[in-house]
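For this note's numbering, add 271 to where a residue sits in the sequence shown, where the first one is 1.
All C-beta atoms, glycine included, are put in the ideal place defined by N, C-alpha and C.
All values derive from a computational prediction rather than experimental measurement.
Below: one structure, written as structure tokens.
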Amino acid sequence: MTMKGVLFDLDGILTDTAKFHFAAWRKLAKEKLAVDLPAEFEQELKGVSRVDSLVRIMNYAGIKEQYSAEQIEKLANEKNRYYVEAISALTEDDILPGITTFLRELKEQHVLSAIASASKNAPLILEKLGLNSYFAAIADPRQIAHGKPAPDIFLAAAEALNLAPAECIGIEDAVAGVTAIKAAGVIAIGVGDPNELGQADLVIPSTVELDYGLLKNLFDQKQKN
Ligand code: BG6
Ligand code: MG
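As structure tokens, then:
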């Protein structure tokens, strides 16, 4: 089998939006829930869907029972308004190091790229970064039953490329995301701290390290095992 597709997480892999997500959650938590979120909470929300993130925040504060599903939805929409405003100034200067070269290289090698992000803002962000033309598919998080750490979004991304999961490599910066990739039967590359992302088949410190040769070697080595 040869490597035919790469399934990309977006937030934290193509661009560093985690700080904007967390700032928007902090603002919402403080202003609407009277809750102060500690800095460490940022990590807990990476890769987690919008509503699931709010539920985690409410559970942390022990106030979840006080809110109906409808109120939760409304508050989540409000957070998204803060977030969309914060990312309105994103440009191609905000693409993480090495990503554009890597995407170009994959295209030259005829390896397909797809987005497997929990974010409903993925199309907007890709447009702002000017990266649309590199992706053959964007899996729609609205169409899947379970968010990360469930495998659904990675399975949907592979399917959108007409590939089997085993023909792909997934790239993630979040613990929930690496768990999702592995659950989908896809080879996982984690970008970040090996102590957190140890479940991945390979952990690299930064997106600068990403290149076709690295992925091909990992894929071919996994075929032998
Ligand atoms: C993930 C982020 O990519 O998308 C999470 O890491 C975020 O922090 C999730 O909650 C959903 O994003 P959005 O843009 O649909 O609210
Ligand atoms: Mg991410």
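- Ligand 1 approaches Lys-317 closely enough that one of its heavy atoms is under 7 Å from the residue's Cβ.
- Per DSSP, the continuous alpha helix (DSSP H) segment holding Ser-324 begins and ends at 321-332.
- At least one heavy atom of ligand 2 sits closer than 7 Å to the Cβ of Gly-283.
- Between the alpha carbons of Gly-369 and Glu-336 lies a distance of about 45 Å.
- Relative to the non-hydrogen atoms of ligand 1, the Cβ of Arg-321 comes within a distance shorter than 7 Å of at least one.
- Relative to ligand 1, Lys-303 has its C-beta separated by 7 Å or more from all heavy atoms.
- In the structure shown, Glu-315 falls within a helical segment according to DSSP collapsed to helix, strand and coil.
- The stretch 289-298 and the stretch 453-473 do not touch, with fewer than three beta-carbon pairs separated by less than 8 Å.
- Using a cutoff of 7 Å, the CB of Ala-471 does not count as near ligand 2, since none of the ligand's heavy atoms is closer than that.
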